[in-house]
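In terms of our numbering, the sequence shown is residues 10 to 274. Here a beta-carbon is modelled for each residue, glycine too, at the ideal position from N, C-alpha and C. Data first, discussion second: the structure below is written as structure tokens.
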Amino acid sequence: AKWAKEQGIRVIYYISPQVWAWHTSRVRAIRRDVDKMLVILPFEQNFYREHGLDAEFVGQPLLDAIGERPAAKPLLERPKHITLLPGSRRQEVQRILPAMLEATRSFDDYDFTVAAATSLPESFYQSFTHGFPKVKVLSGRTYDLLDRSRAALVKSGTSTLETALLGVPQVVCYAGNPVSYMIARRLVNVRYISLVNLIVDAPLVRELIQHDLTPANLVQALSEILDPDHARKMEVEYARLRERLGGGGASEKAAAAILRVMEGK
10 AKWAKEQGIR VIYYISPQVW AWHTSRVRAI RRDVDKMLVI LPFEQNFYRE HGLDAEFVGQ
70 PLLDAIGERP AAKPLLERPK HITLLPGSRR QEVQRILPAM LEATRSFDDY DFTVAAATSL
130 PESFYQSFTH GFPKVKVLSG RTYDLLDRSR AALVKSGTST LETALLGVPQ VVCYAGNPVS
190 YMIARRLVNV RYISLVNLIV DAPLVRELIQ HDLTPANLVQ ALSEILDPDH ARKMEVEYAR
250 LRERLGGGGA SEKAAAAILR VMEGK
């Protein structure tokens, strides 16, 4: 971007780095090198505008990916199944999945499936599930699993937004290296770790972070979101979340915005 700007080429940045969470100092470089930001999270537009950049929210691409799927059954008509999404990095899984698995022991009438990331072998996840006969492991079928689940335990990240857009009540989980976590607490600039809560700017979904990520806390939080009244409430709240994300067609809107910049409009 810096080189292009120096050559007099107009620079448009599509899909922002998460400078709003960590490296606000990078905004200066972006302001210097970028003519326009096309962002996919609604709060990013205000963030960049407050820092003197031309920014436009073009919508969330996940809406298109998920919108193409057939409608799933209503939550309370689904089988008693819960999906576990412990992450796609080995260290994440090692820190998060054991607590999730221990929590499953308190739900005898439910079946569980670990949604394994394709970046790791199923055998890696299966090395944790020995001794948990009601827990299966399945790779590359996350959306299918969520479509037939009444709830999910989800490692923080894009998966939290995917889970919300699929209409599944969730508990957001995170546990990292203790030293790295202490450093992050000093540097982070946001109140929440899940995209769901960041977008609505409220604690819509429960977040269990670091020392709070215990089997006992997971059991309590999961019991709450399995309550039928909670399921009905989340249908309403997730609908409001969708409204904040606008309609589909993010890529088309981004292309149109790029053309306007090129045409000098």
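| request: Decide if A108 is buried, meaning its Cβ has at least 16 other Cβ atoms within 10 Å, or exposed. | output: The sequence position of residue 108 within the sequence shown is 99, counting from 1. Buried: at least 16 other Cβ atoms inside 10 Å.
| query | Are G166 and L204 closer than 9 angstroms when you measure CB to CB? | reply | As a first step, residue 166 must be located in the sequence shown, where it is residue number 157. As a first step, residue 204 must be located in the sequence shown, where it is residue number 195. Between G166 and L204, the CB-CB gap stays under 9 angstroms.
| field | alpha helix (DSSP H) runs contained entirely in the region 172-211, provided each spans 4 or more residues | value | Runs found: 187-196, 204-209.
| In the DSSP assignment, what are the bridge partners of D117? | Locating residue 117 in the sequence shown gives position 108, where the first residue counts as 1. For D117, no pairing in a beta bridge is given by DSSP.
| task | Rank R253, I218, I75 by C-alpha distance to the C-alpha of D210 and give the top, closest one. | result | Position 201 of the sequence shown, counted from the first residue, corresponds to residue 210. Closest by C-alpha distance to D210, out of R253, I218, I75, is R253.
| Rounded to a whole number of angstroms, what is the C-alpha to C-alpha distance between S278 and I49? | The first residue shown for the chain is 10 and the last is 274, placing residue 278 beyond what the model contains.
| task | Return the chain-ordered list of same chain residues with a C-beta closer than 7 angstroms to the C-beta of A9, the five sequence neighbours on each side being excluded. | result | Residue 9 cannot be examined here, being either before or after the span of the chain that is shown, 10 to 274.
| message | Once the 5 residues before and after S128 are set aside, which same chain residues still bring their CB inside 6 angstroms of it? | response | One-based indexing of the sequence shown puts residue 128 at position 119. Spatial neighbours of S128 in its own chain (CB-CB distance under 6 angstroms, excluding positions within 5 residues in sequence) are listed in chain order as S97.
| Whose C-alpha, out of T172, P79, P51, is nearest the C-alpha of Q27? | Within the sequence shown, residue 27 is the residue found at index 18, counting from 1. Among T172, P79, P51, the Cα nearest to that of Q27 is on P51.
| T33, DSSP secondary structure in three states | As a position in the sequence shown, residue 33 is number 24, starting the count at 1. Three-state DSSP puts T33 in coil, outside helix and strand.
| task | Rounded to whole angstroms, what's the CA-CA distance from S115 to K89? Just pull it up for me. | result | The residue you call residue 115 lines up with position 106 of the sequence shown. The residue you call residue 89 lines up with position 80 of the sequence shown. Spanning the two alpha carbons is a distance of roughly 14 angstroms.
| Between the beta-carbon of A30 and the beta-carbon of V199, is there less than 9 angstroms? | As a working note, residue 30 is residue 21 in the sequence shown. As a working note, residue 199 is residue 190 in the sequence shown. Yes, these two residues count as a Cβ contact at 9 angstroms.
| query | Are the beta-carbon atoms of A81 and G176 separated by less than 9 angstroms? | reply | Residue numbering aside, residue 81 sits at position 72 when the sequence shown is read from its first letter. Residue numbering aside, residue 176 sits at position 167 when the sequence shown is read from its first letter. Contact flag set, yes.
| said: Short of 8 angstroms in beta carbon distance, which residues of its chain neighbour V43, apart from the five on each side in sequence? Order them along the chain. | reply: As a position in the sequence shown, residue 43 is number 34, starting the count at 1. Only A10, K14, V20, I21, Y22, L62 meet the Cβ criterion.
| query | DSSP puts A312 in a beta bridge; with which residues? | reply | Nothing about residue 312 can be read from this structure; the chain reaches only from 10 to 274.
| In chain order, what residues of the same chain lie with their CB nearer than 8 angstroms to the CB of A266, ignoring the 5 residues before and after it? | As a working mapping, residue 266 is identified with position 257 in the sequence shown. Within the same chain, I21, K45, L47, E65, V67 come within 8 angstroms of A266 by CB-CB distance, once the 5 residues on both sides are set aside.
| request: Identify whether F141 lies in helix, strand or coil by the three-state DSSP scheme. | output: Taking the first residue of the sequence shown as 1, we reach residue 141 at position 132. DSSP places F141 outside both helix and strand once states are collapsed to three, so it counts as coil.
| said: Could you tell me the alpha carbon to alpha carbon distance between M271 and Q54, rounded to whole angstroms? | reply: The residue given as residue 271 occupies position 262 in the sequence shown. The residue given as residue 54 occupies position 45 in the sequence shown. In this model, M271 and Q54 are separated by some 20 angstroms (Cα to Cα).
| task | Evaluate contact between the region 220-239 and the region 153-161, counting only Cβ atoms and requiring at least three cross-stretch pairs below 8 angstroms. | result | By the Cβ test, the region 220-239 is in contact with the region 153-161, since at least three Cβ pairs between them sit closer than 8 angstroms.
| Does DSSP put A125 in a helix, in a strand, or in coil? | Position 116 of the sequence shown, counted from the start, is the residue given in the question as residue 125. Residue state, collapsed to three classes: strand.
| said: Please report the distance separating the alpha-carbon of L84 from that of A125. | reply: In the sequence shown, counting from the first residue as 1, residue 84 sits at position 75. In the sequence shown, counting from the first residue as 1, residue 125 sits at position 116. Approximately 22 angstroms between the Cα atoms of the pair.
| field | Under the three-state DSSP convention, the category K11 falls into | value | Translated into the one-based positions of the sequence shown, residue 11 becomes position 2. In the three-state reduction of the DSSP assignment, K11 falls in the helix class.
| DSSP on K45, reduced to helix/strand/coil? | As a first step, residue 45 must be located in the sequence shown, where it is residue number 36. Shown here, K45 sits in a strand according to DSSP, grouped into three states.
| query | When the Cα atoms are used, what is the spatial distance from L170 to E86? | reply | Locating residue 170 in the sequence shown gives position 161, where the first residue counts as 1. Locating residue 86 in the sequence shown gives position 77, where the first residue counts as 1. Approximately 22 angstroms between the Cα atoms of the pair.
| field | Through-space distance from E59 to I39, alpha-carbon basis | value | Taking the sequence shown and counting its residues from 1, the one referred to as residue 39 is at position 30. Taking the sequence shown and counting its residues from 1, the one referred to as residue 59 is at position 50. Pairing I39 with E59, the inter-Cα distance amounts to about 13 angstroms.
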